[in-house]
Amino acid sequence: MKSYYLLQFFAVLINMGVLLATIPRPMGVSISMTSFYNPEKPFRCLDGLASMPFEYVNDDYCDCSDGSDEPGTSACPNGKFHCTNPGYLPSNILASRVNDGICDCCDGTDEWGGKIECVNNCKELGKKLREELERINILQEEGFQQRTALSEEGKRRKEEKKTELEQLEKERIDLEAIKIELEAKKKEVEGPEKEAKDKHQKAWEESKSSHIAEMEKVHALVAFHELDTNDDKLVDLPEMAARPEFDIDANGDVSHEEAREHLEDVDQADFDHFLEKVWPNIKDFYKPSELEEPPKGDKHEETESVTTSEPPTDQATPYKNLIRKPPPLGDEEFDEEDADEEEEEEEGEDLDDDVEEKKEENKDDEKMPEYDEETKALIAAADEVRIKFNDAESKLRDADRKISDLKNYMEIDFGPDEEFSQLMGHCFEYTDREYTYKLCPFDRATQKPKNGGSETTLGRWGEWNGPAEDKYYSQLYTKGQGCWNGPDRSTKVILACGLENQLTGTSEPSRCEYQYTFSTPSACKRQPQKNTPEHLHTEL
Ligand code: MAN
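So this is what it looks like as structure tokens:
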């Protein structure tokens, strides 16, 4: 490759030498402009505004307004001097730099006035440039070979993904059918299951309510007895008036009117009226006198008997011995066990322990009892179908997710030959003084402060945005994290040919608009477009 370019280069030089031997060319004029400077004809300014004898060209006097009559002198301030620079790249310099005592052209032709002796170093420069170009050519070629392999791999990968997608779309149909079938089955078994569970729940709730009602009655009974101080099975106005908690207007005295109000407009209440009308109104502020801890030693007397929820009868007040702490709401009626416990209390146990125990029992009572066998069987059957259904649903979800990923992949533009697809799924980092920048091609660009702190998204994959003639020159990542008082962050990634995938540089040309440079063999092109030896120099 190298010798090919060198041969080409020298061939061009030789050809140009032959050409120049036949056409005289005034100082400072490039080959391409030679035809405008014909000594046989009058000279016409390049802007066409004036004509003059050819002797006026380079006579150190500016005649043309565009400076074109003085290409080899500094007479025209706007004139251009052409450095031929044989062996190196030709260039144009401002005519004002001609004979200014500084060597601008490597062939030294801009300094012909004798102010300075310029050394012609065009050959050395040309040599260096050719070597550099050769190095680039070799890199491009090697990179291009890698790119070819990468693009084959990319095409194969795309084919595989396409097949996988087709396969999955077929599988999805079956998975959906299974899910629909199991969904119907689930409905079928969940109906009877729910019915049985609801029935059980309802029965439990009913039993709970009746238990509560029963306990409420016991509480009312205890209160009734306590209020009925003359034991006539009626609570009357004087009995109510004797209780300070019924003092509505807080004047220190319970009037008969106040007592009557509590008794719901009767002068005396039997237990039925008391339970139904009076107790609901007074239970929140009624203060059972035994709430005060009974003096030790009196317990036996207070608690010796079992309770009944029956209303008072004509017998000698069977509820009389209920005068003890009322059981907590929902407590069981006292039974023999209670009596036993009371005996223990006699042995010196604190009354509070008993109450605590009752509370614990009560908590257990609050738990719903186990389902009966029939309901359990229905639940087990429904569970079995539910497991199968959940499994089918999760398989379908998995398939959907994979299908969506594959579709996304298929939609991404990985270059004309799929050469950039190799970058997908990889991330590359570059650290500057302040941040570690990351590029996950076709996904996102991020930034993270070196000394801790969270990652900031600088953009998500958007599009290729190179110029029309080279679309794959750069990528744009958009809709990154919002910039305070500014736009959403975005990143432009410029791709260059390199033998390795590498994030080579980052910058923030304007606030929250970032620019990355990334080298990759995928960006290598076979035909170098600029600065090849053929273009290096075409003049002698
Ligand atoms: C952070 C970084 C910077 C950016 C500022 C803008 O500090 O993302 O790159 O310029 O926010 O406020």
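In case it helps, mature numbering (1 follows the signal peptide of the UniProt record, and there is no 0) puts the sequence shown at residues -21 to -1, 1 to 519. For every residue, glycine included, the Cβ atom is placed at its ideal position computed from N, Cα and C. Small disclaimer: the values here were computed from a predicted structure and weren't measured.
**OP:** If I'm right that lysine 478 touches glycine 122 with Cβ under 8 Å, what's the distance once you round it to whole angstroms?
**Re:** This sequence places leucine at residue 478; lysine is not what is there. Leucine 478 to glycine 122, Cβ: 6 Å. Contact.
Original post:
Apart from the five residues just before and just after glutamate 245, which ones in its own chain have a Cβ nearer than 7 Å to its Cβ?
Top reply: Here residue 245 turns out to be valine, not glutamate, going by the sequence shown. Around valine 245: His252.
**OP:** Determine the extent of the beta strand (DSSP E) in which valine 472 is found, giving its start and end residues.
**Re:** 469 to 476
Original post:
Taking just the CA atoms, how far does glycine 93 sit from cysteine 503?
Top reply: 48 Å
**OP:** Compute the minimum distance between the beta carbon of threonine 435 and the heavy atoms of the ligand MAN, and state whether it is under 6 Å.
**Re:** yes
Original post:
For the candidate residues Thr483, Thr63, Ser44 and Asp42, whose alpha-carbon lies nearest to that of proline 5?
Top reply: Thr63
Subject >> Alpha-carbon spacing of valine 201 relative to tryptophan 258, whole angstroms >> reply: 11 Å
Original post:
Is the beta carbon of leucine 154 sitting closer than 7 Å to the one on lysine 374?
Top reply: yes
Subject >> Counted within 10 angstroms of its Cβ, other Cβ atoms place threonine 499 as buried (16 or more) or exposed >> reply: buried
Subject >> Rounded straight-line distance, which links the Cα of lysine 381 to that of arginine 135 >> reply: A straight-line Cα-Cα distance of about 19 Å links arginine 135 and lysine 381.
**OP:** Look up asparagine 17 in the DSSP assignment and say whether it is helix, strand or coil.
**Re:** coil
**OP:** Given a cut-off of 7 Å, decide if leucine 104 and tyrosine 67 are closer than it, judged by their beta-carbon atoms.
**Re:** yes
Subject >> Closest Cα partner of threonine 435 within the set Asp232, Cys491 and Lys141 >> reply: Cys491
**OP:** Would you mind stating whether methionine 403 and tryptophan 183 have Cβ atoms separated by less than 7 Å?
**Re:** Inclusion of methionine 403 and tryptophan 183 in the CB contact set at 7 Å is not warranted, their separation being larger than that value.
Original post:
Which whole-angstrom value is the C-beta distance of isoleucine 261 and histidine 241, which I expect to be below 8 Å?
Top reply: Contact holds; Cβ gap of about 6 Å.
**OP:** Report the residue ranges of all alpha helix (DSSP H) runs contained in full by the stretch 152 to 234; include only those spanning at least 4 residues, in chain order.
**Re:** Counting only unbroken stretches of 4 or more residues, the alpha helix (DSSP H) elements lying wholly within the stretch 152 to 234 are 216 to 220, in sequence order.
**OP:** Check whether the Cβ of arginine 439 sits closer than 6 Å to any heavy atom of the ligand MAN, and report yes or no.
**Re:** Flag unset: Cβ of arginine 439 not near the ligand MAN.
Subject >> Assigned secondary structure, asparagine 116 (DSSP; H/G/I helix, E/B strand, else coil) >> reply: helix
Original post:
So who's on the other strand from histidine 252, going by DSSP bridges?
Top reply: Answer is none; histidine 252 lacks a bridge partner.
Original post:
Under a three-way DSSP split, which group does proline 488 fall into?
Top reply: strand
Original post:
Cβ-heavy atom distance between glutamate 103 and the ligand MAN below 6 Å?
Top reply: no
Original post:
Regarding arginine 76 and the ligand MAN, is the C-beta to nearest heavy atom distance less than 6 Å?
Top reply: no
**OP:** Using three-state DSSP, classify leucine 104 as helix, strand or coil.
**Re:** helix
Original post:
Excluding five sequence neighbours on each side, which residues of the same chain lie with their C-beta closer than 6 Å to the C-beta of isoleucine 95?
Top reply: Gly80
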